[in-house]
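Student:
Numbering (my numbering), first residue to last: 1170 to 1257.
1. Under 7 Å Cβ to Cβ from residue 1192, same chain only, skipping five residues before and after it: list those, please.
2. Could you give the DSSP three-state label for residue 1207: helix, strand or coil?
3. Answer with buried or exposed for residue 1238, where buried requires no fewer than 16 other C-beta atoms within 10 angstroms of its C-beta.
4. If we call anything under 7 Å between Cβ atoms a contact, is residue 1220 one with residue 1242?
Structure below.
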């Protein structure tokens, strides 16, 4: 008998290279490798994407993004923050 993954198992499945690229878009391999080093789940990748798109209704306005999704957002926005501080 084959085992079909439960909904919980699907939510806990680690994201793959294709998942990161498919949800967050085209980016260089070094960034994808850094994100995968965090061992994110697909849900973590999706939450990061929603946060980056400005969908605060999901998280509540002004609420910080925590854990792995927060680390992913920090990686993806590090260049933006660097560029902003240089122009000030």
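Backbone N, C-alpha and C define an ideal beta-carbon position, used for all residues, glycine too.
Tutor: The relevant details are as follows:
1. In the chain shown, counting from the first residue as 1, residue 1192 sits at position 23. Cβ within range, chain order: 1214, 1215 and 1218.
2. Within the chain shown, numbered from 1, the residue matching residue 1207 stands at position 38. Coil at residue 1207, not helix or strand.
3. Within the chain shown, numbered from 1, the residue matching residue 1238 stands at position 69. The residue in question, residue 1238, is buried, as its Cβ has 16 or more Cβ neighbours within 10 Å.
4. As a first step, residue 1220 is located in the chain shown; it is residue number 51 there, counting from the start. As a first step, residue 1242 is located in the chain shown; it is residue number 73 there, counting from the start. Going by C-beta atoms, residue 1220 is nearer than 7 Å to residue 1242.
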